[in-house]
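So the structure is just underneath, and the comments pick up after that.
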Amino acid sequence: MTSSYWLSEERLGFPERERPPAGPVDVAIVGGGVTGCACALALAEAGRRVRVYEAREIAGGASGRNGGFALRGGAHAYDAARRDLGPEQAKGLWRLTERYLDRLEGLAGDAFRRTGSLRLAADPGERAELEAEYEALREDGFAVEWRDELAEPLRGRLDGAIFHPPDGSLQPARWVRRLAARAVEAGAELREHQRVESLDELEADHVVLATDGYMHGLLPELDAIITPTRGQVVVSEPLERRLFPCPHYARHGYDYWQQTPEGRLVAGGFRDKALDHEHTAEEEVTPLIQGHLERFVTELLGEVPQITHRWAGIFGTTEDRLPLVGAAPGHDGVWVACGYSGHGNVLGLACGELVAGAILGRPAPELELFEPVRLLAV
Ligand SMILES: Cc1cc2nc3c(=O)[nH]c(=O)nc-3n(C[C@H](O)[C@H](O)[C@H](O)COP(=O)(O)OP(=O)(O)OC[C@H]3O[C@@H](n4cnc5c(N)ncnc54)[C@H](O)[C@@H]3O)c2cc1C
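Counting the sequence shown from 1 gives a position; this note's numbering is that position plus 477.
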């Protein structure tokens, strides 16, 4: 009951390859989620010897436990990003994630559906915020649509919405397993069920920490600035009706839901009902949040659905809600790519590849915004 629906899908196994020789590698990656696998694929394709260490299974962390939303942008709304990051930086970040949505579509096969997404207004205050985001996106030439009329069962219950055409829906575990399989085909070595206890045990020229919210003790100063944050999810049995053709989110993302191709309702959120309590690395569901989720899906559907799966996952939040990607100050050869603040499905792919590019001596200009040194002083 408390395991991820996404991870329960049968896994096809990774391509059989001759076991790579033990001993030193060029790059050791800690964490086998979307970030670690994207980084491994890029480095292996560039001819580097790469080894991924994953304490559990590939996608066993947040990458296989999330809501399955693949959205452009990051943790900020676009108008807030223009204000907080600056207009050019905001535009650059949104363009980067749009490019990576295209990249994801090219790699993910049937694990990704380009459905668009709906950001909904729960009340007039949120509607005003959505209107500001809509105007900012339009001004800067991004595809976006305003929706006043919502389909059943939302008609009359919410205060309008923004439709984001480039977004989509993921079966995230299938996607990241597929990404890992591609990395293996390109020559990367995966070591699942192997927890790294200390960076000293890694024989590699470079080490990449791709542990997002799950990093405990490998680099204490990083632990100090990444807040582990818990998200909880429920999944229903397949519904008879097709109600939600794309990912939906309201109340600033605190409520989110979508329907899978088999008709299951996947709903998560309500962290705001116990914010302090949900800043934790304990990967377990709680009666309080589960109660909110059950009442929410019952109200949404007008009937009590059979819940078949419920689980928790941990993501890493930074103070400015931007990821940390690049060299770890004061630690030669150590790199980080983490801290997506709950928005890592597309950003994780982007940042895994960007950190690989930096290791290969080709740092992309987009990395400036994510410089670890802004929060991680030496
Ligand atoms: C409930 C929930 C809902 C979410 N919904 C969305 C969403 O809809 N859209 C979105 O974009 N983002 C969402 N997120 C965030 C997103 O899932 C993450 O940002 C993203 O998966 C991060 O990927 P990652 O590869 O960096 O980290 P993870 O996928 O967390 O991978 C890190 C891995 O590191 C491993 N690890 C840690 N320490 C060690 C060690 N010492 N040795 C070896 N391995 C180690 C862990 O086992 C883990 O598998 C959600 C997160 C949660 C928890």
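Idealized CB from N, CA, C, for every residue including glycine.
Cβ-Cβ separation between A536 and V653: approximately 4 Å, consistent with a contact (criterion under 8 Å).
In the structure shown, P705 falls within a strand segment according to DSSP collapsed to helix, strand and coil. Pairing V511 with L770, the inter-Cα distance amounts to about 26 Å. In the three-state reduction of the DSSP assignment, I535 falls in the coil class, being assigned neither a helical nor a strand state. With a cutoff of 9 Å on beta-carbon distance, P782 and S713 are scored as near each other.
Residue E843 holds the alpha-carbon nearest to the alpha-carbon of G803 among N822, F773 and E843. Excluding five sequence positions before and after P643, the CB atoms of its chain that fall closer than 7 Å to its own CB belong to R549, E575, L578 and A620, given in chain order. Excluding sequence positions up to five before and after S481, its CB lies within less than 8 Å of the CB of G541, R542, A650, V710, H786, W788 and G790, all in the same chain and listed in chain order. The beta carbon of P643 sits no closer than 8 Å to any heavy atom of ligand 1. One alpha carbon belongs to A827, the other to E848, and they sit about 14 Å apart. When DSSP reads this structure, S646 sits in a beta bridge with F546 and R590. The residue from D809, T704, E755 and S646 with its alpha-carbon nearest to that of M692 is T704.
Close CB contacts of P492 within its chain, under the 8 Å cut and outside five residues either way in sequence, are with A658, V661 and E662 (chain order).
Around the beta carbon of H553, a 10 Å sphere encloses 16 or more other beta carbons of the protein chains shown; the residue is thus reported as buried. Shown here for A588: same chain residues with a beta carbon closer than 7 Å to its own, the five before and five after excluded, namely L647, Q648, R651, W652 and R655 in chain order.
Checking the 8 Å criterion, the Cβ of H820 is within range of a heavy atom belonging to ligand 1.
A distance criterion of 8 Å places the beta-carbon of P649 in contact range of ligand 1, judged by its closest non-hydrogen atom. Nearest Cα to E610 within the set D561, A557 and R580: A557. Distances between the C-beta of R654 and the heavy atoms of ligand 1 are all 8 Å or more. For H725 and D682, the gap between their C-alpha atoms comes out near 43 Å.
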